[in-house]
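So the sequence shown is numbered by this note's numbering: it starts at 12 and just counts up by one.
Each residue gets a CB set at the ideal place from its N, CA and C atoms; glycine is no exception.
Owing to the predicted nature of the structure, the values given are computational and were not obtained by experimental measurement.
As structure tokens, the structure follows; a few thoughts come after it.
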Amino acid sequence: DSKLEVLEITSSIFYSPMVIPFTITTLRNSPITHLILTNVPFMTAQWSTFLIHLSLPHLLSLEVDGSCPTHSLVNFLARHNVTRLTFSRGHPTVPCSSHAPAYLPLPSLECLNGPPACIHSLASLAKLTTLETLTVRFCPTSSTVPFLEEVLACTAHFPNLDDLQVRIPSGADRCLLKTPRKPHPSCLVKTLFLMCLDSAKHDIIPYCAPWLTVFPQTNRLYLSTSCSKPDRQLEDLFRSFSSVAELSVMVIR
């Protein structure tokens, strides 16, 4: 019997008509717990057929292209006990409203990682009451919507969220880092992790300090940055916007 538990398929050749029977057989006959499926050249119908043929009773962690049709993915997840889901890249494919599936519960899912569009797409078709950790990833974009506004739109789907991670790309336009002026609902996460791929040349993370005003219950803050400002200066800056008296701040270089 196969003992293969972790499998990363990143080459499109494994999804070709000649090879895919081997791919499916390998997956079926292995106690896969962690699966990564990227660079998948499928159209919507092919994705659906592929996922229908998969039954992976040991699967706990799944990473897929964002282009994986959301309705097919939700149906697949509803048959499994996946606790961690990551959308690697791409834009979600959603069904027409007349063909939309039922709103399915995914009681095992605890961690979700992806760009806002994928998060919204999944939340529109699945009930995610057990989600504990959300990672919102931003890519270089021409969008004019401030990052924080998009983050709050994502967290609104998950009122019981404990941990929030936000990944901001290098060279992000400072206009996208602004705190929206109009009132927004607060996000009640206890732990906030801001990962900013900035550099000493482009200090981005300080512009996120006012974000703390919409996180009134956050008592642990992690800042992953290459900002030129000293750690203590960053810590004091973020604390000045927090309503929590004993905010714990850790700067990760």
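Backbone CA spacing between Leu205 and Pro32 [nearest angstrom]: By one-based count along the sequence shown, residue 205 stands at place 194. By one-based count along the sequence shown, residue 32 stands at place 21. Whole-angstrom Cα-Cα distance: 42 Å.
Exposed unless 16 or more other CB atoms sit within 10 angstroms - verdict on Val17: The sequence position of residue 17 within the sequence shown is 6, counting from 1. Per the 10 Å Cβ criterion, exposed.
With 16 other Cβ atoms within 10 Å as the buried cut-off, status of Thr36: As a position in the sequence shown, residue 36 is number 25, starting the count at 1. Burial call: exposed.
Coil, strand or helix - Ala256 by DSSP: Start at 1 with the first residue of the sequence shown, and residue 256 comes out as number 245. Here Ala256 sits in coil by DSSP.
Buried or exposed (CB count within 10 angstroms, at least 16 for buried), Arg148: As a position in the sequence shown, residue 148 is number 137, starting the count at 1. The residue in question, Arg148, is buried, as its Cβ has 16 or more Cβ neighbours within 10 Å.
In chain order, each beta strand (DSSP E) run of at least 3 residues that lies wholly inside the stretch 21–72: 45–48
First through last residue of the alpha helix (DSSP H) which encompasses Ser135: The residue you call residue 135 lines up with position 124 of the sequence shown. Per DSSP, Ser135 belongs to the alpha helix (DSSP H) from 127–136.
Asn171 (DSSP reduced to helix, strand or coil): Your numbering for residue 171 matches position 160 in the sequence shown. Looking at Asn171 - three-state DSSP - the assignment turns out to be coil, as it is neither helix nor strand.
Exposure of Asn124, with buried meaning 16 or more beta-carbon neighbours within 10 Å: Along the sequence shown, one-based indexing puts residue 124 at 113. It is buried - the Cβ of Asn124 has at least 16 other Cβ atoms within 10 Å.
Neighbourhood of Phe25 by C-beta distance below 6 Å, restricted to the same chain and skipping five residues each side: Position 14 of the sequence shown, counted from the first residue, corresponds to residue 25. The answer, listed in chain order, is Thr34.
Val262 burial status per 10 Å Cβ neighbour count (16 or more: buried): The count along the sequence shown starts at 1 and reaches residue 262 at position 251. That one is buried.
Distance CB(Gln265)-CB(Lys201) smaller than 8 Å: Here the chain comprises residues numbered 12 to 264, so residue 265 is not present and cannot be evaluated.
Three-way DSSP call (helix, strand, coil) for Leu117 in this model: The residue given as residue 117 occupies position 106 in the sequence shown. Coil at Leu117, not helix or strand.
Whether Thr94 touches Leu120 by CB criterion (8 Å): Translated into positions along the sequence shown, residue 94 becomes position 83. Translated into positions along the sequence shown, residue 120 becomes position 109. Yes. Within cutoff.
Contact check, Phe169 vs Leu187, beta carbons under 8 Å: If you number the sequence shown from 1, residue 169 lands on position 158. If you number the sequence shown from 1, residue 187 lands on position 176. Going by C-beta atoms, Phe169 is not nearer than 8 Å to Leu187.
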